[in-house]
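Peer 1: First, the structure itself, so that you have it in front of you.
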Amino acid sequence: MVSKSFKYPKKHKFEWINETNRVERVGSGLKRVILCPSMELIAILTCSNHLICCRSNSQRIWDVDFHDLEATELCWNHDGNLIVVGFKNGELKIIDSSTGHLVEQRPASRDLAVLMITWAMQETIVNEKRNDFLFDATAYMPLLGTLPSSAKEERIFSSKAIAQFFEPRKREGENNKKVELLSILDERGIRYINMFSSYKIGESDSLKSALNLGVPISHSITNDLAYHVLICKGGTNISLKTLYMPLLKNDLGSIVDIATMSTRMQHLVRYLEEVLNAMYEEFDNVFKSEASFIKTFDALVSKYSDTTFFSLQLELYQFIMNGIPSDLLKEWINERVGDRVLKNWERAMVNSYTSLIIFCQEFVIPACERLTVLLSSARGKSIWGHMKGNTLLDAKLVEDCLATLGYLQNNVFSFLNCLFEEKKYMKHFISWLNYAIVEFNTSEPSSIPPQEIIEHINETVIYIRHSLFRSKLTSYFMGTKPLQLRDPDYYSLKDFANQDDSNSVDDFVSFKTLKESLRDSFNVIFSYPSLTCQKQWLKTGDLVLFEGTDWNVSSLIPKSCNEKNQLFSLFFRKDTPNIFLIISQLMENTMLPVSGCHFGLDYAELLGSSLLDFQPATVLDMKLLNGSSILILGKLKEKCFLCEICLADVPLTFFEHQQKNSYLDAISHLPFIPLNSCLWLHEFEKDFLPSTLEYALSENSDYGVLISRESSRYRLFSF
1 MVSKSFKYPK KHKFEWINET NRVERVGSGL KRVILCPSME LIAILTCSNH LICCRSNSQR
61 IWDVDFHDLE ATELCWNHDG NLIVVGFKNG ELKIIDSSTG HLVEQRPASR DLAVLMITWA
121 MQETIVNEKR NDFLFDATAY MPLLGTLPSS AKEERIFSSK AIAQFFEPRK REGENNKKVE
181 LLSILDERGI RYINMFSSYK IGESDSLKSA LNLGVPISHS ITNDLAYHVL ICKGGTNISL
241 KTLYMPLLKN DLGSIVDIAT MSTRMQHLVR YLEEVLNAMY EEFDNVFKSE ASFIKTFDAL
301 VSKYSDTTFF SLQLELYQFI MNGIPSDLLK EWINERVGDR VLKNWERAMV NSYTSLIIFC
361 QEFVIPACER LTVLLSSARG KSIWGHMKGN TLLDAKLVED CLATLGYLQN NVFSFLNCLF
421 EEKKYMKHFI SWLNYAIVEF NTSEPSSIPP QEIIEHINET VIYIRHSLFR SKLTSYFMGT
481 KPLQLRDPDY YSLKDFANQD DSNSVDDFVS FKTLKESLRD SFNVIFSYPS LTCQKQWLKT
541 GDLVLFEGTD WNVSSLIPKS CNEKNQLFSL FFRKDTPNIF LIISQLMENT MLPVSGCHFG
601 LDYAELLGSS LLDFQPATVL DMKLLNGSSI LILGKLKEKC FLCEICLADV PLTFFEHQQK
661 NSYLDAISHL PFIPLNSCLW LHEFEKDFLP STLEYALSEN SDYGVLISRE SSRYRLFSF
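To convert, note that position 426 of the sequence shown is 426 in full-length UniProt numbering; the numbers rise steadily by one, no gaps.
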């Protein structure tokens with residue numbers, strides 16, 4: 001160990017962000033407060049299970065109530081546009097930070113509370129040489145439309161902020177790629193690791209999984225993404241554990257490629273699901289419009305309970321075929337329908353037909369085209385990879401997914417054909433019915449109908465026989481026929497005019513069946529590479545560092561030390577003066593401690609007073625700042641303070657090459673060193689005594705938040 005000469009405090013650089021000296025209070029109590037890494041936004045989780053998003057001036061943007069779900073953890077993504085929230089029952093919700101709307105909800109894979117969430121972003125170099133497969137045709141397609149909102153369900157793609165999912169990608173061929181890893185941890189260890197938040201590359205699906213490590217209290221990832229370093233509680237001690245995935249190190253480009261395709265296609269499949277759900281809602285409006293129209297006839301029939309009448313459809317058919325209406329039909333047309341009722345029904349039907357046409361032409365078909373392009377690219381990659389001997393995709397599974405997508409497209413075109421015909425025939429029917437109403441109410445009926453009525457009488461008959469109150473469109477939504485791949489009879493467009501009564505819902509594959517089949521086919525495509533990735537995880541290190549499980553940890557792998565892959569870890573017990581700094585380095589696929597220091601804060605020396613005896617300050621909380629300094633929230637008697645310690649001023653003791661189980665003894669024998677130098681120190685007034693702190697290191701500024709859980713108050717500061 002080499003002793004160092006300490007310096008007195010430098011110029012004070014601590015300042016409150018809120019210049020009005022205002023301390024914010026949350027009445028229901030503070031459970032968790034985190035800062036956005038890219039914008040000056042705060043996410044607050046209250047004890048009453050409310051998630052509040054605020055600006056740095058504490059102005060509320062939105063407030064979400066989770067009701068009976070008990071939230072346990074939350075995390076921002078790097079761009080600050082999404083917040084992921086974990087719950088006690090194991091569920092996850094991803095929230096749009098601009099609106100507070102739900103983006104995605106994921107059920108719990110196991111009934112354990114979410115303890116930790118890390119959403120890491122690394123900019124890595126992917127050595128991709130297959131430039132022929134990097135061309136992205138979807139980048140030159142128009143952006144997809146934003147779905148209308150719904151009262152029945154919360155749609156992801158009703159939010160304009162989520163339109164970024166389908167923005168054209170940057171220029172292809174760039175080697176630098178930003179790779180995101182979303183990790184969810186519970187008391188057994190890592191539940192799963194997703195690349196780009198949705199593509200699963202690791203899951204603890206069995207008790208023998210390498211991801212089952214114990215209760216995690218810290219999780220760090222190396223820059224090449226291949227090593228995950230965790231500090232866990234287990235039994236009666238604290239351990240340093242290393243996970244290694246060779247595939248991430250040796251063939252990162254292939255996984256990033258597949259994960260990127262999977263994520264984009266998953267968004268498109270979800271988009272299609274929401275569009276089809278919207279079409280079901282719109283068709284429900286068609287059904288309700290028809291039901292309300294026919295209800296006027298049924299109400300009239302109920303007055304004549306002693307007389308037998310045909311249905312409205314048959315009454316109209318009999319009238320148009322022989323030109324003589326029954327007394328009941330004449331009474332219904334004269335007294336119950338009228339011009340106003342007919343116009344309202346026509347307007348409702350035309351609006352629904354128009355909405356369904358727009359959904360098909362401007363939403364479903366363009367999304368299917370994009371998905372076809374991506375699936376074709378995936379098929380090419382799988383064939384190329386098979387030739388090279390390192391494929392992670394099965395070409396046959398991709399072809400099956402393309403076939404399912406082809407069925408959906410065929411169904412949509414057939415549905416559009418049917419929809420256009422029914423809309424046209426309905427207008428002819430209404431023209432004929434308007435003519436009949438006029439004829440019934442005139443004193444001198446015309447002997448010959450107008451030429452327009454005569455020319456379209458066949459279409460009117462078809463509409464009454466096959467569509468009125470029993471729309472052929474129903475079969476596309478209520479069909480019960482199972483999907484059979486490579487069915488040659490399915491690829492012929494159904495002719496609306498030639499359909500007869502023998503065609504029933506049993507002869508149609510519904511949109512719902514196709515939607516579920518597409519989702520299943522898509523999941524099968526990427527399940528094989530995902531399973532391959534999950535089996536690659538190896539636990540290469542498990543070292544006991546401390547006895548007891550009441551240690552708090554702050555650790556990180558600084559970006560400035562990426563080449564060395566060093567892990568800086570601070571261990572402390574709350575309300576005690578002891579602080580341990582342990583620096584570990586990756587050696588032979590295992591993170592091993594190489595140096596450490598056991599120190600405490602000499603409060604008297606930190607203040608620059610030589611008159612006071614050594615007075616060790618107790619630690620309330622501390623955070624590492626990118627491998628260069630430490631923020632320490634401390635307390636001495638009634639005084640509470642915050643200071644920044646430079647890591648260069650911390651004297652280190654280097655460990656000799658130890659056996660794996662002897663680090664515990666080496667760390668426990670580190671001598672205690674009083675530290676009497678800091679970069680700055682700030683004492684707090686008695687009206688606000690914080691107990692914990694959070695910080696965010698952004699490109700523009702460094703800022704943090706001090707939290708007093710006892711008084712449910714918080715305040716932002718910069719440094």
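Positions of the beta carbon are idealized from the N, C-alpha and C atoms, including for glycine. Please read these numbers as outputs of a predicted model, since none were measured by experiment.
(1) Cutting at 6 Å between CB atoms, please list the residues of its own chain near F429, excluding the five before and the five after it.
(2) Using the Cα positions of K88 and T590, report the straight-line distance between them to the nearest angstrom.
(3) Which residue marks the beginning of the beta strand (DSSP E) containing F144, and which one marks its end?
(4) State the CB to CB distance for the pair L147 and F157, rounded to an integer number of angstroms; the pair is presumed to be in contact (CB under 8 Å).
(5) Taking all protein chains shown into account, do 16 or more other C-beta atoms lie within 10 angstroms of the C-beta of F672, making it buried, or fewer, making it exposed?
(6) Does DSSP classify H78 as helix, strand or coil?
(7) Taking buried to mean at least 16 other C-beta atoms within 10 Å of its own C-beta, is E321 buried or exposed?
(8) Report buried or exposed for I324, applying the criterion of at least 16 other Cβ atoms within 10 angstroms of its Cβ.
(9) Where does T263 sit, in a helix, a strand or coil, going by DSSP?
(10) Ends of the alpha helix (DSSP H) at N250?
(11) To the nearest angstrom, how far is the alpha carbon of I557 from that of K241?
(12) What is the rounded straight-line gap between the Cα of V398 and the Cα of A210?
(13) Between the Cα of V341 and those of S292, P593 and T222, spot the shortest distance and give me the residue it belongs to.
(14) Quick check: the Cα distance between V269 and L419, rounded to an integer number of angstroms?
(15) For N411, which residues of its own chain have a beta-carbon under 8 Å away from its beta-carbon, when the five flanking residues on both sides are left out?
(16) So is K559 buried or exposed if we call it buried at 16+ other beta carbons inside 10 Å?
(17) Is it true that the CB of D65 sits closer than 9 Å to the CB of N77?
(18) What's the gap between the Cα of S289 and the Cα of R347?
(19) If you follow the alpha helix (DSSP H) that A43 is in, where does it begin and where does it stop?
(20) Quick one, which of L392, V229 and I44 has its alpha-carbon nearest T118's?
(21) Quick one, which of L207, E180 and M261 has its alpha-carbon nearest R110's?
(22) If you draw a straight line from the alpha carbon of R713 to that of C646, how long is it in whole angstroms?
(23) Evaluate G27 with the Cβ neighbour count: other Cβ atoms within 10 Å of its Cβ, from every protein chain shown; 16 or more gives buried, anything less gives exposed.
(24) Per DSSP, what kind of secondary structure is V215 in: helix, strand or coil?
(25) What ranges does the alpha helix (DSSP H) occupy inside the segment 510-567, keeping only unbroken runs of at least 4 residues that lie completely in it?
(26) Please identify the residue among I383, I52 and K535 whose C-alpha is closest to the C-alpha of D394.
(27) Within the continuous alpha helix (DSSP H) that includes Q318, where are the two ends?
(28) Just to confirm, are P577 and T618 a CB contact at a threshold of 9 Å?
(29) Using a threshold of 9 Å, state whether the C-beta atoms of residue 722 and G86 are closer than that.
(30) On the CB-based measure, 16 or more other CB atoms within 10 Å of its CB, does N57 come out buried or exposed?
(31) Assuming the contact rule is C-beta atoms closer than 8 Å, F546 and P593 should be a hit. Round their C-beta distance to whole Å, please.
(32) DSSP on A108, reduced to helix/strand/coil?
(33) For a quick check, are the C-beta atoms of S595 and I579 less than 9 Å apart?
(34) Just to confirm before moving on: does the CB-CB distance between I201 and N212 stay below 9 Å?
(35) Go through its chain and collect everything with a Cβ distance to E362's Cβ below 6 Å, but skip five positions before and after it.
Peer 2: So, from the listed chains and residues:
(1) Reading the sequence shown from its first residue, position 429 is the one you call residue 429. Beyond the five residues adjoining it in sequence on each side, F429 comes within less than 6 Å, by CB distance, of T460 and Y463 in the same chain, given in chain order.
(2) For this step, residue 88 is matched to residue 88 along the sequence shown. For this step, residue 590 is matched to residue 590 along the sequence shown. Rounded to the nearest angstrom, the gap between the Cα atoms of K88 and T590 is 32 Å.
(3) In the sequence shown, the residue the question calls residue 144 occupies position 144. Just to set this straight, residue 144 is Leu in the shown sequence, not Phe. Unbroken run through L144: none, as it is neither H nor E.
(4) For this step, residue 147 is matched to residue 147 along the sequence shown. For this step, residue 157 is matched to residue 157 along the sequence shown. Right, the Cβ-Cβ distance comes to about 5 Å (below 8 Å), so this counts as a contact.
(5) The residue given as residue 672 occupies position 672 in the sequence shown. Classification of F672: exposed, given that the 10 Å Cβ count is below 16.
(6) Against the sequence shown, residue 78 aligns to sequence position 78. Of the three classes helix, strand and coil, the one that applies to H78 here is coil, per DSSP.
(7) Residue 321 sits at position 321 when you count from the first residue of the sequence shown. Residue identity check: residue 321 is Met in the sequence provided, not Glu. Taking a 10 Å sphere around the C-beta of M321, we find fewer than 16 other C-beta atoms and assign the residue as exposed.
(8) Your numbering for residue 324 matches position 324 in the sequence shown. For I324, the number of other beta carbons within 10 angstroms of its own is below 16, and it is reported as exposed.
(9) Counted from its first residue, the sequence shown places residue 263 at position 263. T263 falls in the helix class under three-state DSSP.
(10) Start at 1 with the first residue of the sequence shown, and residue 250 comes out as number 250. First-last of the alpha helix (DSSP H) with N250: P246 to N250.
(11) As a first step, residue 557 must be located in the sequence shown, where it is residue number 557. As a first step, residue 241 must be located in the sequence shown, where it is residue number 241. Answer to the nearest angstrom: the Cα atoms are 14 Å apart.
(12) The sequence position of residue 398 within the sequence shown is 398, counting from 1. The sequence position of residue 210 within the sequence shown is 210, counting from 1. Counting only the Cα atoms, A210 lies some 30 Å from V398.
(13) If you number the sequence shown from 1, residue 341 lands on position 341. In terms of CA proximity to V341, S292 leads the group S292, P593 and T222.
(14) In the sequence shown, the residue the question calls residue 269 occupies position 269. In the sequence shown, the residue the question calls residue 419 occupies position 419. When rounded, the separation of the alpha-carbon atoms in V269 and L419 is 24 Å.
(15) Along the sequence shown, read from residue 1 onward, the residue named residue 411 stands at position 411. Excluding positions up to five away in sequence, the list reads Y476, V509, F511 and L514.
(16) Position 559 of the sequence shown, counted from the first residue, corresponds to residue 559. So K559 counts as exposed.
(17) Counted from its first residue, the sequence shown places residue 77 at position 77. Counted from its first residue, the sequence shown places residue 65 at position 65. Not closer than 9 Å, so no.
(18) Sequence index remark: in the sequence shown, residue 289 carries index 289 (1-based). Sequence index remark: in the sequence shown, residue 347 carries index 347 (1-based). Roughly 10 Å between the two C-alpha positions.
(19) Working through the sequence shown from its first residue, we reach residue 43 at position 43. A43: not part of any alpha helix (DSSP H); member of the beta strand (DSSP E) spanning L41 to T46, first to last residue.
(20) Translated into the one-based positions of the sequence shown, residue 118 becomes position 118. Ranked by how close their Cα comes to the Cα of T118, the residues L392, V229 and I44 have V229 in first place.
(21) In the sequence shown, residue 110 corresponds to position 110, counting from 1. The shortest Cα separation from R110 among L207, E180 and M261 belongs to L207.
(22) What you label residue 713 is simply residue 713 of the sequence shown in a count that begins at 1. What you label residue 646 is simply residue 646 of the sequence shown in a count that begins at 1. About 29 Å.
(23) Sequence index remark: in the sequence shown, residue 27 carries index 27 (1-based). The residue in question, G27, is exposed, as its Cβ has fewer than 16 Cβ neighbours within 10 Å.
(24) Here the question's residue 215 lines up with position 215 in the sequence shown. Of the three classes helix, strand and coil, the one that applies to V215 here is strand, per DSSP.
(25) Under the rule that a run must span 4 or more residues, the alpha helix (DSSP H) segments found entirely inside the segment 510-567 read 511-534.
(26) Along the sequence shown, read from residue 1 onward, the residue named residue 394 stands at position 394. Taking only the C-alpha atoms, the option nearest D394 is I383.
(27) Position 318 of the sequence shown holds residue 318. Note, Q318: alpha helix (DSSP H), L312 to N322.
(28) Locating residue 577 in the sequence shown gives position 577, where the first residue counts as 1. Locating residue 618 in the sequence shown gives position 618, where the first residue counts as 1. Taking 9 Å as the cut-off, the beta carbon of P577 is found closer than this to the beta carbon of T618.
(29) Since the first residue shown for the chain is 1 and the last is 719, residue 722 is missing from the structure and cannot be characterised.
(30) Taking the sequence shown and counting its residues from 1, the one referred to as residue 57 is at position 57. When all chains shown are included, N57 counts as exposed.
(31) Translated into positions along the sequence shown, residue 546 becomes position 546. Translated into positions along the sequence shown, residue 593 becomes position 593. Not really, about 11 Å apart at Cβ, beyond 8 Å.
(32) The count along the sequence shown starts at 1 and reaches residue 108 at position 108. It is coil, neither helix nor strand.
(33) As a position in the sequence shown, residue 595 is number 595, starting the count at 1. As a position in the sequence shown, residue 579 is number 579, starting the count at 1. Cβ atoms of S595 and I579: not closer than 9 Å.
(34) As a working note, residue 201 is residue 201 in the sequence shown. As a working note, residue 212 is residue 212 in the sequence shown. Between I201 and N212, the C-beta spacing is not below 9 Å.
(35) Reading the sequence shown from its first residue, position 362 is the one you call residue 362. The answer, listed in chain order, is G145.
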